[in-house]
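Numbering (the UniProt record's numbering), first residue to last: 1 to 324.
One structure below.
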Amino acid sequence: MADKGYGAGVKLLLAAPGIDVNTPDTDGWTPLRFAVQSGHEAVVKLLLAAPGIDVNAPDTSGQTLLSYAASNGHEAVVKLLLAAPGIDVNAPDTILGWTPLSYVASNGHEAVVKLLLAAPGIDVNAPDTKGWTPLISAVWNNKRGTVKLLLAAPGIDINVPDTDLGWTPLIFAANRGHEAVVKLLLAAPGIDVNAPDTNGWTPLIVAAIHGREAVVKLLLAAPGIDVNAADTSAWTALTWATFTGKEAIVQDLCAAPEIIVDVAEVKRHLQHPPGGMMEGYCSASKDEQDNCVRILEEFVESKAGGAQDGSGGGEPSGGRRDDP
Numbered sequence: 001m002a003d004k005g006y007g008a009g010v011k012l013l014l015a016a017p018g019i020d021v022n023t024p025d026t027d028g029w030t031p032l033r034f035a036v037q038s039g040h041e042a043v044v045k046l047l048l049a050a051p052g053i054d055v056n057a058p059d060t061s062g063q064t065l066l067s068y069a070a071s072n073g074h075e076a077v078v079k080l081l082l083a084a085p086g087i088d089v090n091a092p093d094t095i096l097g098w099t100p101l102s103y104v105a106s107n108g109h110e111a112v113v114k115l116l117l118a119a120p121g122i123d124v125n126a127p128d129t130k131g132w133t134p135l136i137s138a139v140w141n142n143k144r145g146t147v148k149l150l151l152a153a154p155g156i157d158i159n160v161p162d163t164d165l166g167w168t169p170l171i172f173a174a175n176r177g178h179e180a181v182v183k184l185l186l187a188a189p190g191i192d193v194n195a196p197d198t199n200g201w202t203p204l205i206v207a208a209i210h211g212r213e214a215v216v217k218l219l220l221a222a223p224g225i226d227v228n229a230a231d232t233s234a235w236t237a238l239t240w241a242t243f244t245g246k247e248a249i250v251q252d253l254c255a256a257p258e259i260i261v262d263v264a265e266v267k268r269h270l271q272h273p274p275g276g277m278m279e280g281y282c283s284a285s286k287d288e289q290d291n292c293v294r295i296l297e298e299f300v301e302s303k304a305g306g307a308q309d310g311s312g313g314g315e316p317s318g319g320r321r322d323d324p
């Protein structure tokens, strides 16, 4: 009856002696859950006013009423639930560990995001079972408006990594090629543009691997970017761009003022590529790699020629990373 929105009938039943307002069905759905699912505000109000109502009752997946209402964008119902005594705004489900804010960040219902961010006690950085924060979920799903709202939230941690790969929100955005989101993150106070993951991959390395040239350009323009940062295998963004045959990105990296180009070192790395999934996933053909190496060789030659005739700026770009 609650799912049909029969307010009069619900009212009569609530007045019946011995009525249990929280009895669930076999899926763990209570009457309040059915009313929330259907978006019947009048019935939700009646049930919330009933003595003994459990506003945090989870279903068999551990999803709470607030999580369900938030994920489906039921703004009016979310307002009612947030005003209910005893509501737990951060209760995670038992499958993914998603909080109501995680659900709505993933779906991008901005009006509901605003409501949750204004709720007392909201945890804007609550991680799920993989360490994904609401910000990471919003970034992954390219919900720009939600990302903007989260970045403005008090206490937001813009650099917190997940617990699976150690990826920060910026690495996720670089991986997906979400340029507008990358811009938002780069403009955020305190952003760490070089924060590496568990493999030592920086946002720049990840963008280079996946051929996200527009993101590479944004990162290269970011204050404090380390274009020569190496991963745990001593591979830089330039090495990875060459390995994956990304000629345009190789050229972009060579144009960076601080770039160090050691062609011999790059060639050595190409002779010993990463094994397993990465080799089959992102390696290029021999011709594509050779074209990238040729770009590097021409770059080094042009720098050396410029230094000799006095037209080049800075030091020649042929030394190793540890050269003085």
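By construction, the Cβ of each residue, glycine as well, lies at the ideal position given by its N, Cα and C atoms.
**Prompt:** Taking residue 284 as the reference, which of 237, 231, 160, 209 has the closest Cα?
**Reply:** 209
**Prompt:** Would a C-beta distance cut-off of 7 Å place residue 77 and residue 113 closer than the cut-off?
**Reply:** no
**Bounding residues of the alpha helix (DSSP H) (the contiguous stretch that carries residue 134)** = 134-140
**Request:** Could you give the DSSP three-state label for residue 50: helix, strand or coil?
**Result:** coil
**Asked** Thinking C-beta only, is residue 259 closer than 7 Å to residue 237?
**Response** no
**Prompt:** Are the Cβ atoms of residue 216 and residue 249 separated by less than 7 Å?
**Reply:** yes
**Prompt:** residue 20 to residue 67, Cα distance in whole Å?
**Reply:** 23 Å
**Message:** How far does the alpha helix (DSSP H) with residue 92 in it extend, from its first residue to its last?
**Reply:** Segment: none, residue 92 is in no alpha helix (DSSP H) and carries neither H nor E.
**Prompt:** For residue 61 versus residue 107, is the C-beta distance shorter than 7 Å?
**Reply:** no
**Prompt:** Does the separation of the CB atoms of residue 123 and residue 90 fall below 7 Å?
**Reply:** yes
**Prompt:** Cα separation between residue 305 and residue 287?
**Reply:** 27 Å
**Prompt:** If you draw a straight line from the C-alpha of residue 225 to the C-alpha of residue 115, how long is it?
**Reply:** 36 Å
**Prompt:** By Cβ distance, which residues of its chain are closer than 8 Å to residue 75, with the 5 residues on each side in sequence left out?
**Reply:** 109, 111, 112, 115
**Request:** Hey, could you find the ends of the alpha helix (DSSP H) residue 169 is sitting in?
**Result:** 169-176
**Message:** Just verifying my parser: in three-state terms, what is the DSSP assignment at residue 198?
**Reply:** coil
**Asked** Does the count of Cβ pairs from the stretch 155-174 and the stretch 192-199 closer than 8 Å reach three?
**Response** yes
**Prompt:** Within this structure, are the beta carbons of residue 227 and residue 263 separated by less than 7 Å?
**Reply:** no
**Asked** DSSP state of residue 230, grouped into three classes?
**Response** strand
**Prompt:** Who are the near neighbours of residue 79 in its chain, counting only those whose CB is closer than 8 Å to its CB and skipping five residues on each side?
**Reply:** 115
**Prompt:** Which partner residues does residue 236 have in the DSSP bridge list?
**Reply:** 230
**Item:** Span of the alpha helix (DSSP H) around residue 269
**Value:** 263-271
**Prompt:** Whose C-beta lies closer than 8 Å to the C-beta of residue 201 among residues of the same chain, with five residues either side of it excluded?
**Reply:** 171, 209, 231
**Cβ shell of residue 344 (< 8 Å), same chain only, five flanking positions each side left out** = Outside the modelled stretch of the chain, which goes from 1 to 324, sits residue 344, for which no answer is possible.
**Message:** For residue 107, report the span of its alpha helix (DSSP H) as first-last.
**Reply:** 100-107
**Asked** Since residue 244 and residue 282 are thought to touch, with beta carbons under 8 Å apart, how far apart are those beta carbons, to the nearest angstrom?
**Response** 5 Å
**Request:** Look up residue 42 in the DSSP assignment and say whether it is helix, strand or coil.
**Result:** helix
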